[in-house]
Every structure is written in C-alpha cells, then in structure tokens.
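First residue of the sequence shown: 249, per my numbering; consecutive thereafter.
For each residue, glycine too, the CB sits at the ideal point set by N, CA and C.
One structure below.
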Amino acid sequence: MKNLKKIFIALGFFFLVSGCQKDDICPESTQVTPLLTIEFYDVEDNTRLKAVQSLTVQAVGEEDTLSASSTTNQIAIPLRTDQNTTEYLFIKNSGADNENIDTLSFFYNPSPEYLNRACGYKVNFLGLQAEIVEDDNNWILDDIEQQTDVENETETAHIHIIH
249 MKNLKKIFIA LGFFFLVSGC QKDDICPEST QVTPLLTIEF YDVEDNTRLK
299 AVQSLTVQAV GEEDTLSASS TTNQIAIPLR TDQNTTEYLF IKNSGADNEN
349 IDTLSFFYNP SPEYLNRACG YKVNFLGLQA EIVEDDNNWI LDDIEQQTDV
399 ENETETAHIH IIH
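In structure tokens, the structure reads:
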C-alpha cells in the first residue's frame, strides 16, 4: 500500500511537471516592424545635415503627436501596417507665430513576415515612395528616397528631406 501511494505521488508529480511549457518570450534583439528613418539636409549643400527648428510630427487625422517639438536632424516614425499609405504633418517652428506645416504622403506595399511563435509577425514596407503635398509656403523643398525597402531601421536613413 505504501509503495502504491509513492507511485501515485511520483506519477502525479511527473504529470504536473510534464504539462509545463517553456515561456514564449520574444528576445529584445529580434528585429520587429521597422520605423521609417528620415534625415534632414541643407538645401545649399545636400551632403550636410541640417536640423529643423522646433519640429513636431503628427499623423493626419490624429490629435496626438509622434514627435514633440524639438530641434533635430533625424527622426524615426512608424508607417501604417494595415494600409499602403501613411500621411504625416511636419510642423516646423511648432507653436511659434511663423509655424509652417507641410504634409508628406508615404506610399508602399506592406509585406508581413512571420518571425516565430513568440514574436509573431513583423511588417516590411516595400517600394517606398514619398510625395510632398504642394502648398503656397512649403519648407520641405525636396525628398530623396535612399532606400525603397524599409526592412531595417538601424541602417542608413530611408529618406533624405531637403530644406
């Protein structure tokens, strides 16, 4: 009887432990959906980075801003994964009397890529094109696509904006 009790305890412990699975945790080093990296360059010397004064970036139709008012020569912004276009307002001198708003549209083909069970999917953006919406007072004078496929945000900038 004692041996039977020990066998049941051992079997119970075995079934309890064998029912466990390892945790599915996505490592931080895993490349996830990349951000669109943009660098700003001087109109007089297209090889020289030039900071934008008090830049704020806001998605069209949204109230929240992605980038608070700061002076910078590089930003990284997300693209929509559920559509093939994303529009942003780029606000120079945000909050000042001489505030200037330009709209940029980004066109691309989202391409989902399965990573693994823990991390799920990431979306790459292929065939990227940028278009400046023309107005009477554009501060963005030109855009140059450096990389038409957005698959990694840690490499060089995807787009250069000339201002």
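Own chain partners of phenylalanine 355 with C-beta closer than 6 Å, once the 5 adjacent residues on each side are dropped
Sequence-distant Cβ neighbours of phenylalanine 355 in its own chain, meaning closer than 6 Å and more than five residues away, are Thr333, Gln377.
For phenylalanine 338 and leucine 352, believed in contact at Cβ under 8 Å, the rounded distance
Approximately 6 Å separates the beta-carbon atoms of leucine 352 and phenylalanine 338; this is inside 8 Å, confirming the contact.
Ends of the beta strand (DSSP E) at valine 398?
Element bounds for valine 398: n/a, residue is neither H nor E.
Whole-angstrom C-beta distance between valine 371 and threonine 329, which should lie under 8 Å
Rounded, the Cβ-Cβ distance is 4 Å, consistent with contact.
Return the chain-ordered list of same chain residues with a C-beta closer than 6 Å to the C-beta of isoleucine 388, the five sequence neighbours on each side being excluded.
A distance below 6 Å between beta-carbons, with the five flanking residues on each side excluded, links isoleucine 388 to the following residues of its chain, in chain order: Asp350, Ile380, Ile409, His411.
Please list, in chain order, all residues of the same chain as glutamine 279 whose beta carbon is under 7 Å from its beta carbon, the five residues on each side excluded.
So the list reads Lys370, Asn400, once near-sequence residues are dropped.
With distance defined between alpha-carbon atoms, name the residue in Glu382, Asp397, Leu303 nearest to aspartate 390.
Taking aspartate 390 as reference, the option from Glu382, Asp397, Leu303 with the minimal CA-CA separation is Glu382.
Whole-angstrom distance between cysteine 274 and threonine 319, CA atom to CA atom
Near 34 Å, if we compare the C-alpha coordinates of cysteine 274 and threonine 319.
Note the first and the last residue of the continuous beta strand (DSSP E) segment covering valine 381.
Note, valine 381: beta strand (DSSP E), 368-381.
In angstroms, rounded to a whole number, what distance separates the CA positions of glutamine 394 and asparagine 364?
Roughly 30 Å separates the two Cα atoms.
To the nearest angstrom, report how far apart threonine 285 and isoleucine 407 are at their CA atoms.
Rounded to whole angstroms, threonine 285 to isoleucine 407 spans 7 Å at the Cα level.
Pairwise C-alpha distance: glycine 375 and aspartate 415:
The chain is shown only over 249 to 411; residue 415 falls outside these bounds and no answer can be derived.
Could you please give the first and the last residue of the uninterrupted beta strand (DSSP E) stretch that includes isoleucine 349?
Element bounds for isoleucine 349: 348-364.
Measure the CB-CB distance between glutamine 306 and asparagine 341 and report whether it falls below 7 Å.
Glutamine 306 is not a Cβ neighbour of asparagine 341, given a cutoff of 7 Å.
Which same chain residues end up closer than 7 Å to proline 360 when comparing Cβ atoms and leaving out the 5 residues on each side of it in sequence?
Counting only residues of its own chain and dropping the five nearest sequence neighbours on each side, proline 360 has a CB closer than 7 Å to the CB of Tyr369, Val371.
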